[in-house]
Amino acid sequence: MKIKAQLAMVMNLDKCIGCHTCSIPCKNVWTSRPGAEYIWFNNVETKPGIGYPKHWEDQERYRGGWAMKDGKLDLAAGGRLRKLAGIFYNPDLPTIDDYYEPWTYDYEKLTSSPASKQQPAIRPKSLITGRKMELDWGPNWEDDLAGAPATGGQDVNFRSLEAARYLQFEEVFMFYLPRICEHCLNPSCVASCPSAALYKRDEDGIVLVDQVRCRGWRFCVSGCPYKKVYFQWASGTSVKCLFCYPRIEAGLTTLCAETCVGRIRSVGALLYDADRVREAASVAEDTRVYPAHLSVILDPDDPEVARRAAADGIPEATLAAARNSPVYQLAVRWRLALPPHPEFRTLPMVWYIPPLSPIARVEDPGATEGGIDDMRIPVRYLANLLAAGDEEPVRLALNRLLAIRRYMRSVRVEKKPDKTVLEEAGLDPSQAEEMVRLLAIAKFADRYVIPTARREADTDPGRLQGRAGYPEDA
Ligand code: SF4
Ligand code: SF4
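Residue 4 is where the sequence shown starts when you use this note's numbering, and the numbers rise one by one after that.
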C-alpha cells in the first residue's frame with residue numbers, strides 16, 4: 004500500500020442555477036491572455052446537449068481516456084507507436100469550430116458614431132482573423148436548452164432512451180453541468196504526452212502542464228476524455244485548470260468554488276492507495292469501475308490508514324483535513340456523489356450529486372409525492388452520465404436525497420418527524436440532519452477543508468519564488 008493525498012471536489016447539481024459566475028473569475032485570472040480567448044477552464048453546460056467542445060463525451064469520435072484491449076488497460080487512442088506514427092497529424096483533435104471561434108465587437112462605435120435616426124449597430128469580429136463573422140456556435144450555445152431540438156438528440160447520455168420523446172415540450176427536462184478538469188487519479192492526459200510535460204503533483208494530486216517542457220504536440224488534448232486540456236495558440240503550449248493551486252497552497256479554495264452563487268461546491272482532501280489505481284482502472288466491466296474507484300479511497304478515521312499515511316510522508320495537517328473532508332462524507336461515506344463517465348477509466352476526482360427534479364406525471368401536474376421514477380429527469384440518463392449506465396448507485400443517491408427532503412418536511416412543516424421515510428433509504432435522523440447541514444446550510448469552513456502547503460522540506464525557497472502562475476508569455 005502506498006498512501007497519497009488528493010484534493011477533490013463535489014458539485015451538487017441539485018443546486019446549480021446556471022448563473023456562470025464560477026466561469027468568470029476563472030476566465031479573468033487564468034485565461035484572459037491572447038491565444039486563450041476560446042479557453043474556459045470552468046464552463047457550465049446545459050443538459051441535454053452536446054456541450055463544449057461539441058460531443059466531448061463521445062469517445063468514438065475523439066478516442067480519449069482509457070480502454071480495455073485484450074484484457075489490458077491501454078490508452079483508447081493507442082500507445083507510443085501510434086503516437087509516433089501520427090505525431091504531425093492527430094485525427095482525434097477537436098477543431099476550433101468544435102469549441103467556437105472567439106469574437107469581440109468594436110464597442111467604441113457605439114459611442115463615437117455620428118448622430119443618426121437609427122441606433123448604431125456593431126457586428127461580431129473574429130478574435131483570430133480580425134474579420135467580421137457570423138455567429139453559429141459558442142461556449143454555451145445550448146444555454147437553457149436553446150437549440151435542444153437540433154443538438155439535444157445527439158447527447159450520448161440518451162443511450163438506450165428514446166431521445167425524441169424527452170425533447171418534446173411535455174416531457175423535456177434540463178439541468179446544468181458545471182465542468183472543470185477532473186484531476187484524475189489515472190490521468191490519460193499525462194499518459195498521452197510524448198514530452199512528459201504533464202504531471203500529477205505528489206502532495207495533492209493536482210494535474211499540471213509544465214510550460215517549459217511542453218512542445219505543443221496536443222496529444223493531451225485528444226487524450227483527455229473530458230476535453231479539459233486546451234491548446235494556447237499564442238504560446239504554442241497546452242494549458243489546463245490548475246485547481247487554483249496558488250490559492251490552495253495558502254489554504255484557500257478555488258475561485259470557481261469561492262464565487263459559486265448556488266453554493267454547490269465542496270472541496271476537501273482524500274487519501275487513496277496509489278498502488279491499487281491501475282487495478283481499479285483495469286476491471287473488466289465498465290459498470291465495475293466506480294465500485295473499484297471507491298475501494299481505492301481510504302477511510303481517514305482508520306488508525307492503520309493514519310499510521311501508514313504518516314509513514315508515507317503525509318503531513319498531519321493533510322490527515323486532519325482528510326478526516327474533516329466534506330468530499331469524503333458526500334462521495335464515499337454517504338454515496339451521494341458520483342464520478343462522471345467512470346467508463347473513461349481515468350478515475351476522475353470532481354464528483355457530482357445527481358439532481359432531483361419535479362414529479363412529471365402529466366395527469367397530476369400538481370403532485371409533490373412520487374418516486375424517483377416519476378421524476379422528470381430519467382434515472383437512466385443520469386446513470387449514463389454518472390455510473391456507466393448502472394442505475395443502482397444513482398437510485399441510491401436519489402432515494403437518499405428524496406428521503407432527507409421528505410424527512411425534513413415532516414420535521415419543519417408537518418411538525419411530526421417521519422422516520423420511516425429515512426429507514427426506507429437506510430438512514431437515521433442524525434445522518435439526515437448531518438446531510439442537510441452539509442448540503443444546505445454549511446458555512447465556508449465546512450464546505451472547504453483545505454490544508455495549507457508544507458514547504459519546510461524545501462531547502463531552497465528561492466527556487467519556488469514566482470512559480471505560482473504562468474510565465475509572462477504562456
Ligand atoms: Fe487530465 Fe484533467 Fe482530463 Fe483527467 S480531466 S485526463 S486530469 S485534463
Ligand atoms: Fe452553478 Fe455555482 Fe457556477 Fe452558478 S457559480 S453556474 S450556481 S456552479
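Backbone N, C-alpha and C fix where the C-beta goes; we use that ideal spot for every residue, glycine too. Treat the numbers as computed from the prediction; the structure is a model and nothing was measured.
Beta-carbon spacing of residue i, residue j below 8 angstroms
i      : j      : result
Pro56  : Asp101 : yes
Pro181 : Phe347 : no
Gly254 : Pro454 : yes
Ser198 : Gly226 : no
Leu274 : Val308 : yes
Gln9   : Gly208 : yes
Ile183 : Asn31  : no
Gly52  : Gly155 : yes
Met12  : Ala260 : yes
Lys7   : Ala277 : yes
Pro105 : Glu48  : no
Lys230 : Pro97  : yes
Gly38  : Ser238 : yes
Arg281 : Leu76  : yes
Arg64  : His58  : yes
Ile42  : Tyr248 : no
Rounded straight-line distance, which links the Cα of residue j to that of residue i
i      : j      : result
Gly316 : Lys5   : 10 angstroms
Glu417 : Ala435 : 17 angstroms
Ala456 : Arg268 : 21 angstroms
Asp377 : Val353 : 28 angstroms
Lys50  : Trp236 : 29 angstroms
Ala406 : Glu427 : 8 angstroms
Phe172 : Arg83  : 48 angstroms
Ser433 : Val330 : 19 angstroms
Ala340 : Ala334 : 5 angstroms
Arg168 : Val175 : 8 angstroms
Asp213 : Leu78  : 21 angstroms
Gly429 : Leu148 : 36 angstroms
Pro343 : Tyr355 : 7 angstroms
Cys192 : Asn143 : 24 angstroms
Ala295 : Ala80  : 23 angstroms
Gly74  : Val299 : 20 angstroms
Arg217 : Leu350 : Residue identity check: residue 217 is Cys in the sequence provided, not Arg. Straight-line Cα distance between these residues: approximately 24 angstroms.
Pro123 : Tyr110 : 10 angstroms
Glu288 : Met14  : 26 angstroms
Leu404 : Leu87  : 49 angstroms
Ala448 : Thr256 : 10 angstroms
Phe91  : Arg85  : 11 angstroms
Gly54  : Thr132 : 24 angstroms
Ala320 : Arg310 : 14 angstroms
Asp146 : Leu16  : 16 angstroms
Arg450 : Val292 : 27 angstroms
Ala70  : Cys263 : 35 angstroms
Same chain only: Cβ atoms within 8 angstroms of residue i, ignoring 5 sequence neighbours per side
i      : result
Met411 : Ala435 and Val439
Val397 : Leu341, Pro357, Val382, Leu385, Ala386, Leu389 and Ala390
Val452 : Val270, Gly271, Ala272, Ala324, Asn327, Ser328 and Pro329
Leu170 : Pro51, Ala151, Pro152, Gly155 and Gly156
Lys422 : Tyr410, Asp431 and Pro432
Lys419 : Ser413
Cβ shell of residue i (< 7 angstroms), same chain only, five flanking positions each side left out
i      : result
Thr107 : Lys128 and Leu130
Arg19  : Before going further, note that residue 19 is Cys rather than Arg in the sequence given. Within the same chain, Cys19 has close Cβ partners Tyr179, Pro181, Gly265 and Ile267.
Gly141 : Tyr103
Arg204 : Leu211
Gly68  : Gln62, Ala79, Ser191, Pro228, Phe347, Arg348 and Thr349
Ala400 : Arg338, Leu339, Leu341, Ile356 and Pro357
Asn402 : Ile375 and Ala428
Contact set for residue i: own chain, Cβ-Cβ below 6 angstroms, skip 5 residues either direction
i      : result
Thr290 : Ala391 and Asp393
Leu138 : Pro127
Arg379 : Phe176, Ser360, Pro361 and Ala363
Ala250 : One point to set straight first is that residue 250 is Arg, not Ala, in the sequence displayed. Cβ within range, chain order: n/a, list empty.
Ala200 : Val212, Asp213, Arg216 and Cys217
Glu60  : Val159
Pro252 : Reading the sequence as shown, one finds Glu at residue 252 and not Pro. So the list reads Ala456, once near-sequence residues are dropped.
Any non-hydrogen atom of ligand 3 closer than 7 angstroms to residue i Cβ
i    : result
Lys7 : Ligands in the displayed structure: ligand 1 and ligand 2; ligand 3 is not one of them.
inquiry  = Whether or not the stretch 157-165 and the stretch 181-200 are in contact is what I'm after, with contact meaning three or more pairs of Cβ atoms, one per stretch, closer than 8 angstroms; do they touch?
reply    = No contact exists between the stretch 181-200 and the stretch 157-165.
ask   = Is the stretch 237-249 touching the stretch 296-305 in the sense that three or more CB pairs, one from each, lie closer than 8 angstroms?
value = No, the stretch 296-305 is not in contact with the stretch 237-249.
query = Given 8 angstroms as the limit, is there contact between the stretch 110-118 and the stretch 379-389, that is, 3 or more CB pairs closer than that?
reply = The stretch 110-118 vs the stretch 379-389: no contact.
request  = Name all residues in chain order for which at least one heavy atom of ligand 2 lies closer than 7 angstroms to the residue's CB.
outcome  = My final list is Met14, Lys18, Cys19, Ile20, Gly21, Cys22, His23, Thr24, Cys25, Ser26, Val47, Tyr179, Pro181, Cys259, Thr262, Cys263, Val264, Gly265, Ile267 and Arg268.
key: Segment contact, 8 angstroms Cβ cut-off, at least three pairs: the stretch 215-223 with the stretch 5-24   = No, they do not touch.
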